[in-house]
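Working notes, beginning with the structure itself.
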Ligand code: SF4
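Residue numbers (my numbering), protein chains in the order written: chain A, 1 to 634; chain B, 635 to 981.
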């Protein structure tokens with residue numbers, strides 16, 4: 001019935017033969033679903049993710065959307081992919097390269113197959129490999145026939161026609177509608193391969209199409225057909241099992257950096273009792289945060305789409321003056337525009353949270369690609385001496401904690417705070433152990449109310465000035481961007497006062513209490529320390545764990561989440577290792593800061609290709625250094 | 635929260651005077667500057683609002699007009715060049731209990747901040763925007779502004795400006811402003827009347843104030859300011875009244891046979907032919923025509939309220955709803971937000 005040829009097989013229909021299939025155990029798998037942007041790959045990926053979460057595997061995911069909104073169908077520009085890494089132990093990244101690629105058309109294959117490990121599995125929708133589609137993807141010969149995939153294990157599954165057949169019995173479904181369900185067939189098939197439970201997907205389909213019974217039935221039929229195909233087709237002799245990963249007890253949900261930021265900002269609003277006033281201007285990828293927060297009116301969240309980036313920043317600052325939690329967010333180019341408002345917030349000494357979801361620059365750069373090259377801008381990118389606290393989350397879930405932290409610093413210290421996220425954090429997701437709400441910090445806005453002895457630029461123990469909100473009887477005052485006299489806040493051009501105020505503004509930010517850096521050095525005797533910031537955490541930590549486990553290499557890691565002021569023990573940590581490596585997704589910005597601040601010799605590893613730093617890259621960087629130091633030090 | 639800080643207090647009448655609105659800061663404009671007259675007029679008018687100064691916020695940008703904020707004993711924010719309408723939008727849209735005023739200039743509002751101005755107007759934010767138009771950059775010492783006339787010779791245009799100027803009233807109308815008016819710095823009663831109408835308006839009120847910069851552009855508005863000239867040239871727009879002007883109302887505005895507005899002698903056309911001003915017309919073409927009656931304020935020029943129509947006010951009701959919603963949010967709701975979507979439990 002089947003025509004086997006090497007590792008390739010042609011699968012016409014599911015075999016009725018029910019043979020016992022072998023189950024193989026794996027400790028981790030990376031699957032990438034890829035297809036045309038109209039093929040529903042993101043949906044397939046997120047359904048697979050939910051089913052994987054239910055199994056109890058640790059996981060991390062990363063979607064990869066085409067940059068064009070409506071790229072021509074079937075072309076490499078229109079390929080949309082979703083990668084998931086799941087394992088029976090704690091993992092930290094969505095995986096360097098997939099073990100399994102599901103390619104719905106030739107364009108998906110041609111763009112993605114290169115990242116697959118040799119010997120990896122390719123599952124193609126054979127029906128997508130028409131002459132027309134092959135040409136659009138740029139193939140001159142059919143890769144399924146010409147031997148170019150010999151390094152991989154290829155399964156050819158006619159997903160479209162099998163889906164159409166499976167939905168034939170459903171009335172009122174055109175074959176075009178039916179063919180659209182092929183992504184659910186793929187989901188069913190891969191769910192079978194990795195022993196994912198079917199209930200989460202079935203329930204999801206039932207809920208999603210509750211008021212469209214025909215579509216519901218068609219999608220269910222496609223999903224089941226895919227699953228059953230796996231179970232019955234002779235060729236797929238093996239399926240796999242990935243055991244649950246040990247995880248601390250608690251309730252979990254899967255969350256990406258955008259959702260985590262939204263949750264964190266809402267939590268900060270609840271914990272401070274301040275209304276969240278969020279203004280931004282549409283920009284990729286930060287718009288997602290505007291969309292996410294816009295849905296929370298019922299919690300009193302105010303979102304505004306400003307006429308431009310500058311307006312969004314000013315509206316938020318105006319709202320802060322009026323006694324709210326003012327937040328604005330943007331990506332790269334928008335930060336250029338917000339600089340003057342951030343400078344004003346420095347002078348006004350008002351709370352303002354500015355979120356920069358970094359993307360590849362300069363200028364428009366690559367809007368959908370990740371980069372972490374706005375650090376120096378966040379620290380120094382305003383005229384005059386205008387210091388402010390800068391924080392950077394390290395994982396998608398950490399975006400929750402750092403959003404609260406940014407708001408806490410802003411409110412308590414009456415200062416703008418920049419939070420540096422990036423495209424990778426915004427889009428990738430991981431399981432998040434939900435915090436106990438009662439354990440979240442309370443943030444006291446400590447509004448000024450007492451007119452006796454009130455001065456707008458008097459200072460408390462943090463050197464923070466009073467936040468006197470309009471409408472408060474007896475606290476009328478005027479603040480502005482002009483230099484102010486200490487205490488009274490009156491305009492002042494006095495040289496000594498300006499010198500004093502400049503130093504005061506610097507000191508009040510330096511005095512922001514931030515936690516020490518925690519060093520991960522299991523035996524305490526590593527000679528190499530890897531110091532990272534931002535989203536490279538997963539790759540650095542993952543690489544360190546692997547080289548320790550697999551090669552017995554000693555390496556220490558530390559991650560800086562407060563970039564200004566830096567943790568108090570930073571210098572000490574840097575000086576206590578023979579070699580220190582600073583990997584960054586820029587041309588060496590943190591390394592420059594650390595060298596200047598602490599006069600220490602540091603090594604820099606930089607990668608700026610629009611993609612996250614991979615675990616593999618970090619392993620290589622660690623291994624070159626550790627082996628060379630074994631061979632006679634530096 | 636009380637809605638619309640601009641409406642007067644009703645019941646308990648506050649006894650406020652000009653002094654209650656005057657800060658202790660020394661005014662620093664050039665002697666003789668039109669800004670002094672505007673400041674005095676605004677400070678004198680404020681008690682009429684019946685709103686305690688604690689609930690009034692002035693927001694300004696950069697330029698000579700930007701200093702205004704420091705002289706008002708209210709809450710105040712002196713922002714960045716051009717951004718006052720955006721800052722003020724953040725204040726006004728989130729705090730309906732406050733009365734929020736923007737003071738800006740022609741460079742601030744129409745050049746660097748043009749975008750924020752038009753968007754505040756089209757949104758109809760609860761703001762009173764006073765634009766001090768002196769047709770010059772004063773604080774930066776005398777460059778031509780977006781309202782300077784073509785051919786204007788300044789330090790930055792030694793051969794004369796080639797830019798066509800903005801007509802601020804026309805621009806505001808084009809931005810769909812719901813309230814558009816014009817007045818003159820030294821004309822105290824007219825200023826008070828205009829401010830009164832602006833304050834009573836629900837939504838964004840735009841008031842252009844012809845303001846003399848006696849240092850860099852002296853006499854720009856003499857036709858409408860100077861004794862002997864203003865009587866002839868001020869065309870006072872009053873809703874529901876025939877438009878007449880001149881020392882004895884001997885002149886007026888009427889529609890000509892070609893359908894266009896023109897200046898006429900009442901004796902020639904008869905008073906029944908005069909145009910009756912209608913500020914409440916939803917469709918703005920009459921207001922536009924009046925705005926374009928004079929190309930420059932050097933001859934007969936309309937002042938007063940060009941347009942006053944109603945449209946929903948930006949975000950004020952929402953602000954009340956949101957504050958109510960927020961005040962009810964506690965740990966349980968937060969917990970629900972965090973637990974949204976698919977969750978699973980590890981024991
Ligand atoms: S420069 Fe002109 S506008 Fe500015 S204060 Fe002096 S006179 Fe007034």
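Note that the Cβ used here is the ideal one computed from N, Cα and C, for glycine as well.
Under the three-state reduction of DSSP, which class applies to residue i: helix, strand or coil?
{"i": "residue 653(B)", "result": "helix"}
{"i": "residue 639(B)", "result": "Bear in mind that the predicted position of residue 639(B) carries a pLDDT of just 49, short of 50, making it unreliable; the figure below should be weighed with that in mind. Correct three-state label for residue 639(B): coil."}
{"i": "residue 281(A)", "result": "coil"}
{"i": "residue 510(A)", "result": "helix"}
{"i": "residue 815(B)", "result": "strand"}
{"i": "residue 968(B)", "result": "helix"}
{"i": "residue 5(A)", "result": "In this predicted model, residue 5(A) has a pLDDT of only 36, less than 50, meaning its place in the structure is not dependable; the value taken from the coordinates is given anyway. Looking at residue 5(A) - three-state DSSP - the assignment turns out to be strand."}
{"i": "residue 703(B)", "result": "helix"}
{"i": "residue 555(A)", "result": "coil"}
{"i": "residue 940(B)", "result": "strand"}
{"i": "residue 437(A)", "result": "helix"}
{"i": "residue 28(A)", "result": "strand"}
{"i": "residue 239(A)", "result": "strand"}
{"i": "residue 425(A)", "result": "helix"}
{"i": "residue 276(A)", "result": "strand"}
{"i": "residue 621(A)", "result": "helix"}
{"i": "residue 52(A)", "result": "helix"}
{"i": "residue 717(B)", "result": "coil"}
{"i": "residue 723(B)", "result": "helix"}
Does the ligand MN have even one heavy atom less than 8 Å from the beta-carbon of residue i?
{"i": "residue 845(B)", "result": "Only the ligand SF4 can be found as ligands here, which leaves the ligand MN out of the picture."}
Under the DSSP definition of a beta bridge, which residues are partnered with residue i?
{"i": "residue 834(B)", "result": "BP columns for residue 834(B) are empty, so no partner."}
{"i": "residue 709(B)", "result": "691(B)"}
{"i": "residue 36(A)", "result": "79(A)"}
{"i": "residue 662(B)", "result": "Per DSSP, none; premise fails for residue 662(B)."}
{"i": "residue 58(A)", "result": "87(A)"}
{"i": "residue 646(A)", "result": "There is simply no residue 646(A) to check, as chain A begins at 1 and stops at 634 in what is shown."}
{"i": "residue 733(B)", "result": "690(B)"}
{"i": "residue 579(A)", "result": "528(A)"}
{"i": "residue 420(A)", "result": "356(A)"}
{"i": "residue 840(B)", "result": "763(B) and 814(B)"}
{"i": "residue 432(A)", "result": "253(A)"}
{"i": "residue 153(A)", "result": "121(A)"}
{"i": "residue 604(A)", "result": "582(A)"}
{"i": "residue 23(A)", "result": "239(A)"}
{"i": "residue 297(A)", "result": "DSSP lists no partner for residue 297(A)."}
{"i": "residue 304(A)", "result": "279(A)"}
{"i": "residue 447(A)", "result": "467(A)"}
{"i": "residue 676(B)", "result": "Residue 676(B) is not bridged to any residue."}
{"i": "residue 593(A)", "result": "The partner list for residue 593(A) (beta bridge, DSSP) is empty, contrary to what the question assumes."}
{"i": "residue 738(B)", "result": "765(B)"}
Quick one: measure Cβ to Cβ for residue i and residue j, integer angstroms, because I've assumed they're closer than 8 Å.
{"i": "residue 372(A)", "j": "residue 358(A)", "result": "6 Å"}
{"i": "residue 711(B)", "j": "residue 480(A)", "result": "7 Å"}
{"i": "residue 276(A)", "j": "residue 229(A)", "result": "Going by Cβ atoms, the distance from residue 276(A) to residue 229(A) rounds to 48 Å, so no, they are not a contact pair."}
{"i": "residue 746(B)", "j": "residue 851(B)", "result": "With a Cβ gap of about 19 Å, residue 746(B) and residue 851(B) do not count as contacting."}
{"i": "residue 32(A)", "j": "residue 91(A)", "result": "Going by Cβ atoms, the distance from residue 32(A) to residue 91(A) rounds to 16 Å, so no, they are not a contact pair."}
{"i": "residue 867(B)", "j": "residue 781(B)", "result": "That pair is no contact at about 18 Å."}
{"i": "residue 561(A)", "j": "residue 394(A)", "result": "6 Å"}
{"i": "residue 463(A)", "j": "residue 425(A)", "result": "At roughly 32 Å, the Cβ-Cβ gap does not stay under 8 Å, so residue 463(A) and residue 425(A) are not in contact."}
{"i": "residue 885(B)", "j": "residue 900(B)", "result": "6 Å"}
Which residues in chain E sit within 8 Å of residue i, going by Cβ to Cβ distance?
{"i": "residue 926(B)", "result": "Going by chain labels, chain E is absent from the structure shown, which instead holds the protein chains A and B."}
Complete runs of the alpha helix (DSSP H) confined to the segment 62 to 118 of chain A [at least 4 residues]: Scanning the segment 62 to 118 of chain A from its first residue to its last, the whole alpha helix (DSSP H) runs of 4-plus residues come out as 106 to 112.
In chain order, which continuous runs of the alpha helix (DSSP H) of length 4 or greater are located wholly inside the segment 311 to 394 of chain A? 332 to 348 and 375 to 380
Considering only residues of the segment 849 to 919 of chain B, which uninterrupted alpha helix (DSSP H) runs meet the minimum length of 4 residues and lie entirely inside it, listed in chain order? 856 to 859, 864 to 867 and 900 to 903
Give, in chain order, every unbroken run of the beta strand (DSSP E) that is at least 3 residues long and sits entirely within the segment 450 to 533 of chain A. 478 to 480 and 528 to 533
In chain order, which beta strand (DSSP E) runs of at least 3 residues are fully inside the segment 753 to 824 of chain B? Correct list: 762 to 767 and 813 to 818.
What residue ranges within the segment 157 to 215 of chain A form continuous alpha helix (DSSP H) runs of no fewer than 4 residues, ordered along the chain? 159 to 166, 175 to 180, 182 to 193 and 199 to 208
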